[in-house]
Amino acid sequence: MIKLYRFGPGLGLPELSPFCMKVETFMRMFDIQHKSQFIRNPQAGPNGKLPFIKAEDLLIADSFLIIDYLVERFSLDIKQGLSAKALASGYMMCRMLEEHFYWIMMYSRWVDKTNWPVIKSLLMENMPPGVGSFISLMTRGHVKRQLLAQGLGRHKPEIIYQLGCRDLSTVADLLSGSPFLLGEEPSVYDATAHAFLAGTLCTTFPSPLQQHAQSLPILTEYCERMNQRYYPEGE
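Under UniProt numbering, think of the first position of the sequence shown as 1, with each following residue one higher.
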């Protein structure tokens with residue numbers, strides 16, 4: 001059986017990491033039997049990140065490569081009769097969420113002074129005294145450096161959140177008129193969209209991103225629809 005290594009639940013979510021939740025949802029979407037192993041240390045992964053899977057004698061990291069492997073191994077039809085234009089729209093939306101909105105989520109969780117104590121407390125759970133504090137501060141410093149290198153960290157907070165809210169509005173526009181991103185049924189790209197939207201809307205973690213998402217009923221209804229289908233017991 002495939003074993004999926006991920007962070008696990010927290011902040012009111014079934015999975016803390018949007019990339020881990022993306023893979024978990026994809027595997028539920030295509031009924032792929034697997035077992036989840038919760039770990040809080042991403043350095044345990046082959047690339048120093050989560051998620052990763054163990055399948056037979058293989059260790060595969062990166063959510064994109066994991067899904068590629070699963071598609072090939074189980075001969076999955078992820079195009080589902082969709083047009084090339086629709087698939088391109090889904091792909092571009094996912095890249096926006098993963099390569100741009102993700103960093104704004106990271107800012108909200110790790111850098112924003114209002115929310116930082118919550119993340120620090122979460123990281124310190126089940127860690128020896130002193131160790132959790134050291135690791136949390138080290139990780140926060142790493143995230144700050146990444147945000148500066150990426151470019152978003154050079155902006156004022158209000159600009160960062162404004163850009164994130166624009167991303168959320170774009171997803172809402174793409175969803176307009178359809179229950180799922182590309183039509184009447186969920187596609188592989190819904191696994192990504194749901195992961196990032198749930199990480200914003202369904203968390204106990206308040207932020208300007210959450211406030212904006214809550215002002216867009218189409219996003220709330222979409223998350224509820226995906227949760228009912230793939231996380232029916234709020235697990």
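We treat Cβ as the ideally placed atom computed from N, Cα and C, and that holds for glycine.
According to DSSP, simplified to helix, strand and coil, what is residue i?
i, result
"F180", "strand"
"K120", "helix"
"G10", "strand"
"Y220", "The displayed chain sequence assigns Thr, not Tyr, to residue 220. Helix, per DSSP."
"D77", "coil"
"N227", "helix"
Tell me which residues share the same chain as residue i and place their Cβ nearer than 6 Å to its Cβ, disregarding the 5 neighbours each side in the sequence.
i, result
"G199", "P18"
"I66", "V23, I53 and I60"
"S89", "none"
"T204", "L11 and G12"
"F180", "P186 and D190"
Tell me the residue span of the beta strand (DSSP E) that contains residue i.
i, result
"L4", "I2 to R6"
"A55", "F52 to A55"
"S89", "Per DSSP, S89 belongs to no beta strand (DSSP E); it is in the alpha helix (DSSP H), A84 to M96."
"I60", "L58 to A61"
"S215", "Where S215 is concerned, there is no enclosing beta strand (DSSP E), given that its DSSP letter is neither H nor E."
"F38", "H34 to F38"
So, using beta-carbon positions, are residue i and residue j closer together than 9 Å?
i, j, result
"H100", "D173", "no"
"Q146", "W103", "yes"
"T25", "A213", "no"
"E98", "F196", "yes"
Taking the alpha helix (DSSP H) that residue i falls in, what are its first and last residues?
i, result
"H194", "V188 to L201"
"Q150", "V131 to Q150"
"residue 243", "Past the boundaries of the shown model lies residue 243; the chain is included only from 1 to 235, so the question cannot be answered."
"K156", "Segment: none, K156 is in no alpha helix (DSSP H) and carries neither H nor E."
"I104", "Y102 to M106"
Count the other CB atoms, across all protein chains shown, that sit within 10 Å of the CB of residue i; report buried if there are 16 or more and exposed otherwise.
i, result
"R95", "exposed"
"S133", "exposed"
"A84", "exposed"
"R109", "buried"
"H194", "buried"
In its own chain, which residues sit with a C-beta less than 7 Å from the C-beta of residue i, not counting the 5 before and 5 after it?
i, result
"Q150", "W103"
In its own chain, which residues sit with a C-beta less than 8 Å from the C-beta of residue i, not counting the 5 before and 5 after it?
i, result
"K35", "M1, I2, K3 and L4"
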